[in-house]
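Numbering (this note's numbering), first residue to last: 1 to 169.
From the three backbone atoms N, C-alpha and C, an ideal C-beta is built for every residue, glycine too.
Some notes on the structure that comes next.
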Ligand SMILES: [Zn+2]
């Protein structure tokens, strides 16, 4: 496995355990060149799933693509990489159950959103804003309002900061 720090290709496995979902293996590796540690995840390659895009074209299910979207949504939020991996695994498993193994990309977005909503409000709104592409702005605003009410102290802080900034100008 190529070291993410120095690109050396040899390493030793220092720890190996099942992910909490049990469907994969998480390995801690140590680079034999620079000695830094990194983590790899190993999953069984499932029978291929097809994703139906908005324009009707089909594309193989891409775990990395979904994970990338979740990581973006969870930036600076208290959500561990392991939880993010789990979300994708759960979504993947849910689609596997479908007899035709095909799923619209919008459905994947919804499945991810449902899980993010239970984990972190901010990550959920970020993800939703990208996935829904503001098609139903009304509903989106309603959800946003609900979250803003919950986080009122934060908003006050933000306002105070803005006022300070104004004074500085
Ligand atoms: Zn290295």
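Does the separation of the CB atoms of residue i and residue j fall below 8 Å?
i	j	result
residue 6	residue 33	yes
residue 127	residue 92	no
residue 109	residue 131	yes
residue 53	residue 129	no
residue 51	residue 59	yes
residue 83	residue 122	no
Am I right that residue i and residue j are in contact with their C-beta atoms under 8 Å? What's the rounded C-beta distance?
i	j	result
residue 79	residue 119	6 Å
residue 73	residue 111	Not quite, the Cβ-Cβ distance comes to about 14 Å (not below 8 Å), so this is no contact.
residue 28	residue 44	No, residue 28 and residue 44 are not in contact; Cβ-Cβ is about 20 Å, not under 8 Å.
residue 41	residue 26	6 Å
residue 49	residue 90	Actually they are not in contact, since the Cβ atoms of residue 49 and residue 90 sit about 14 Å apart, beyond 8 Å.
Mind checking who residue i pairs with in its DSSP beta bridge?
i	result
residue 103	51
residue 60	50
residue 41	26
residue 16	27
residue 11	31
Touching by the beta-carbon criterion (3+ pairs, under 8 Å), the segment 52 to 70 and the segment 7 to 25: no
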